[in-house]
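Q:
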Amino acid sequence: MRHEVVWMAVTETSQQSPSATTVELQDVRRTYHLGEPVHALDGVSISLPAGSFTAVMGPSGSGKSTLMNMVGCLDTPDEGDVTVAGQDVTVLSGNERAKLRGTELGFIFQQFNLMPRLTAAENVTMPLVFHNDLDDGRRQRAETLLERVGLGDRLDHTPPELSGGQRQRVAIARALVNEPSLVLADEPTGNLDTDTGAEIMELFEQLHEAGRTILMVTHERHIAEHADRIIHLVDGQIEEIEQVGGER
Amino acid sequence: MKLTESFRISWRAITGHKLRSSLTTLGIIIGVGAVIVFMVLGGAFEANIAQDIREGNDEPGMWVNTQQESSGFGGSQILTNPIYTESDVAALESIDGVDFVAPEANKRAIQLRHGDQQQTGQFNIQATDPQRLDGDLSAGELFEADDEIVLPADAADIVDGGLAVGDEVQINYDGGPTKTFTVVGIVEESPGGGNNRIPTAGYISLDNYGTTVETPDGDTEKAYASMIVAAESTDTLDETQAAVLDYLKTDSDAAQLKGDDQVIKAQTVDDAVDQIGDIIDQFTFLIGGIAAISLVVGSIGIANIMIVSVTERTREIGIMKAIGARKRDIIQLFIVEALILGVIGAIIGVAVGLGIGYLGATGIGWPMVYPVDWIAIAVVIGMTVGVLSGLYPAWRGARVDPIEALRHE
Ligand SMILES: Nc1ncnc2c1ncn2[C@@H]1O[C@H](COP(=O)(O)OP(=O)(O)OP(=O)(O)O)[C@@H](O)[C@H]1O
Ligand SMILES: [Mg+2]
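So the protein sequences, as listed, match chains H and G. So in the working numbering, spot 241 of the first sequence is number 241, and the numbers just go up one at a time. So in the working numbering, spot 353 of the second sequence is number 353, and the numbers just go up one at a time.
#1: By Cβ distance, which residues of its chain are closer than 8 Å to Y358(G), with the 5 residues on each side in sequence left out?
#2: Note down the Cα distance separating D96(G) from I344(G), rounded to an integer number of angstroms.
#3: Just the chain G side, please: which residues come within less than 7 Å of A98(H) by C-beta, in chain order?
#4: Name, going along the chain, the residues of the region 6-19 of chain G whose beta-carbon falls closer than 7 Å to a beta-carbon of chain H.
#5: Can you list the residues of chain H that E316(G) reaches, using a CB-CB cut of under 8 Å?
#6: Determine, for P159(H), whether the minimum Cβ-Cβ distance to residues of chain G falls below 8 Å.
#7: Whose C-alpha, out of G176(G), D147(G) and I158(G), is nearest the C-alpha of G166(G)?
#8: Confirm the yes/no value for this check: CB of K64(H), any heavy atom of ligand 2, distance under 7 Å.
#9: Closer than 6 Å by C-beta to V5(H): which residues in its own chain qualify, once you throw out the five before and the five after it? Chain order, please.
#10: Counting contacts by CB-CB distance shorter than 8 Å, is S14(H) in contact with chain G?
#11: Specify whether the region 222-239 of chain H and the region 43-56 of chain H touch according to this definition: at least 3 beta carbon pairs, one from each stretch, less than 8 Å apart.
#12: Would you say the region 392-408 of chain G touches the region 328-340 of chain G, given that touching needs at least three Cβ pairs under 8 Å?
#13: For R399(G), does the three-state DSSP call read helix, strand or coil?
#14: Enumerated in chain order, which unbroken segments of the beta strand (DSSP E) with a length of 3 residues or greater are wholly contained in the region 244-286 of chain G?
#15: Please find out if some non-hydrogen atom of ligand 1 comes closer than 7 Å to the beta-carbon of G61(H).
#16: If you measure from the CB of V400(G), is any heavy atom of ligand 1 nearer than 7 Å?
#17: Name the residues in the region 389-408 of chain G whose C-beta lies less than 9 Å from a C-beta of chain H; which are they?
#18: By the 10 Å Cβ neighbour count, where 16 or more other Cβ atoms means buried, how is H208(H) classified, buried or exposed?
#19: Closer than 8 Å, CB to CB, is M1(G) near chain H or not?
#20: Would you say F204(H) faces chain G, with C-beta separation under 8 Å as the test?
#21: Look at the alpha carbon of R248(H) and the alpha carbon of P37(H), and state the distance between them as a whole number of angstroms.
#22: Tell me where the alpha helix (DSSP H) around A171(H) begins and ends.
#23: How would you list, in chain order, the residues of chain G whose beta-carbon sits under 7 Å from the beta-carbon of V129(H)?
#24: Can you grab the Cα-Cα spacing for the pair R64(H) / K321(G), in whole Å?
#25: Does at least one heavy atom of ligand 1 sit under 7 Å from the Cβ of Y358(G)?
#26: First and last residue of the alpha helix (DSSP H) that includes P127(H)?
#27: In three-state terms, what does DSSP make of R154(H)?
#28: Under 7 Å Cβ-Cβ, which residues of chain G neighbour D75(H)?
#29: Assuming V411(G) and G349(G) are in contact, meaning their beta carbons sit under 8 Å apart, how far apart are those beta carbons, in whole angstroms?
#30: For Y32(H), count the other beta carbons within 10 Å of its own beta carbon; 16 or more makes it buried, fewer makes it exposed. Which is it?
#31: Between D253(G) and P103(G), what straight-line distance do the alpha-carbon atoms span, to the nearest angstrom?
#32: State the Cα-Cα distance for the pair V177(H) and L100(H), rounded to the nearest angstrom.
#33: Would F130(H) pass as a contact of A175(H) if the rule is Cβ separation under 8 Å?
#34: Among all the DSSP beta bridges, which residues are the ones paired with K179(G)?
#35: Buried or exposed, going by whether 16 or more other CB atoms sit within 10 Å of the CB of I381(G)?
#36: Which value, in whole angstroms, describes the spacing of the CA atoms of T215(G) and K249(G)?
Printed below as a string of structure tokens:
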């Protein structure tokens, strides 16, 4: 827990009251029509309170990624309501959703998804480039965040020059640079070995302690157990919501 | 998204694919380069001719002639009708600012002979007022009698050892008699006027010329097809030119003797330079325009390679959109990229064009000119071509669906 102290300092700006809800899904349906209609989400209702850490598990094809896309404002439901950071996503235009993603959400992906030709620091500041006109202090901010994920000496390395675990750390720093209300992670440890995955989960724990709201998809139970609760999805429906204590 | 940001990111994309970027700009480099080469060569050719004209004509004055109005390409035709009468010459000489008037009459010769040496070809023998050669003489004196001749230096060189003052030269007129002249003087530079397309091989007295016309008043007078009007000063040349033209177009015999579709011109050296410049410009633009077509090919090249690059970078576009990029941000990135490629291509094209143009012009012996306007135009065209060819790829990029883009590996 060596980064903990500084970490808190950066992230404590997210001071929603514990009762506030960051994300609210109401009877959300999403159907793909390729021959037979596939109900990727079939009446899903969940709410993510501010500061909560929620894991999503389920078999392949159960709709986990579709759910993440919904919450991440990349997709809109065929039916039902999605509210993110107080905004009704279903009525927003494409550009408004882009803005919401850029200002309220932080994304962490299984494949890291960094810009290959930009340096670590430039990757971290990327979300600010689109929705923040001030460039003062951006570099400083990237440095602080990269130091906190243990990459203070890799600021000017490009992704191909970094290991998988290091890339994921850069992605985590990027997801935090805009002070998001919600951090979304789709299998953040899926491409990492067990030890590196554990290190990444340590960072997630710190985020959670600092009051971030987190939604994470995973296949692995021991990863999911870092969360407060686990949502089990099967065939686009919530089968069970399991409360776990978290490992703290 | 701020423009500076997109320049930074687009620049990375360009330098990240150096080979592809170079190939993309190649079309623009060739197109802009070709245009600049032609503009340099056209300009150098023009400057060279202007230099030649000015060198032989350092005295203020104008060349009066008659031209057929023509709307055709390549300028109007200079006529040989004798319409400027002795009375017109006298009247012009009395105009303020006019120093003297030297009528000229050109006779075509086909052979010059000195002893047993001869030179055959097309030559002009010009009967004129000796005054206009005053000051140009490098040896001997001006002609007085009708069998005396003054030779330009290059004509004197047509026999071995060169013709000198005192030598005799036989001139065989086209379709006419042969006459023997004594060389009395040599002029270093041809004093201009006359028909530039055929070299002037000698200047002789107007006594050799006898063409007459009937004047509007019913008299019979000698008349000439053209003349040199020497002015007293360069400073007042414009006013003198206006006065000369005013007289010639209104009160002169020439005004009545000329045909309806013929125009009287009084051309100063500057006018002549401008006129030749206009003709050369027309050709230069024509050829330059053809070269510019290669820019269209260049723009298709940019568009083509950028479409490939959009496809290749679908995932990157998806990432950017996922983390907040709007359509217009993506469009901006691609257009800026195309713009940078266009400008770089144009700048390299200008450099290459100037280089080749310089080698060409100096190789031929023309003065080097820098077509400043065209350099600016070329850069603007490069930018425009870049932006236009970036539009469609940018639009394609903006439509990328981030979910799809991130799903595919
Ligand atoms: N673009 C699409 N077109 C058609 N069907 C789709 C599309 N995207 C997802 N689906 C279908 O929707 C269902 C849910 O897909 P989703 O990607 O959400 O599953 P997942 O739970 O993330 O699976 P995995 O664990 O393999 O990533 C699947 O049956 C899938 O085939
Ligand atoms: Mg998935």
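Glycine residues also receive a C-beta, built at the ideal position from the N, C-alpha and C atoms.
A: Quick answer:
#1: Close CB contacts of Y358(G) within its chain, under the 8 Å cut and outside five residues either way in sequence, are with V40 and M368 (chain order).
#2: 58 Å
#3: K321, G324, A325 and R326
#4: For the region 6-19 of chain G, the beta-carbon criterion of a distance under 7 Å to any beta-carbon of chain H is satisfied by R12, A13 and G16.
#5: M115 and P116
#6: no
#7: Per the Cα distances, D147(G).
#8: yes
#9: With a pLDDT of only 37 at V5(H), under the threshold of 50, the placement of this residue in the model should not be trusted, and no figure is reported.
#10: Residue placement at S14(H) is poorly supported in this model, since its pLDDT is 45, which falls under 50; the coordinates still yield a value, given next. Not one chain G Cβ lies under 8 Å of S14(H).
#11: yes
#12: yes
#13: coil
#14: Correct list: 262-268.
#15: yes
#16: no
#17: D401, P402, I403, L406 and R407
#18: Under this definition H208(H) is a buried residue.
#19: yes
#20: no
#21: In this prediction, R248(H) scores a pLDDT of 46, lower than 50, which makes its location untrustworthy; no coordinate-derived value is stated.
#22: G164 to L176
#23: M1 and E5
#24: One detail in the question is off: residue 64(H) reads as Lys in this sequence, not Arg. If you take the alpha carbons of K64(H) and K321(G), they lie about 20 Å apart.
#25: no
#26: A120 to H131
#27: coil
#28: Those are I403, listed as they occur along chain G.
#29: Not covered by the structure: residue 411(G). The range shown for chain G is 1 to 409.
#30: exposed
#31: 15 Å
#32: 14 Å
#33: no
#34: I171(G)
#35: Burial check for I381(G): the Cβ neighbour count within 10 Å reaches 16 or more, so the residue is buried.
#36: Roughly 15 Å separates the two Cα atoms.
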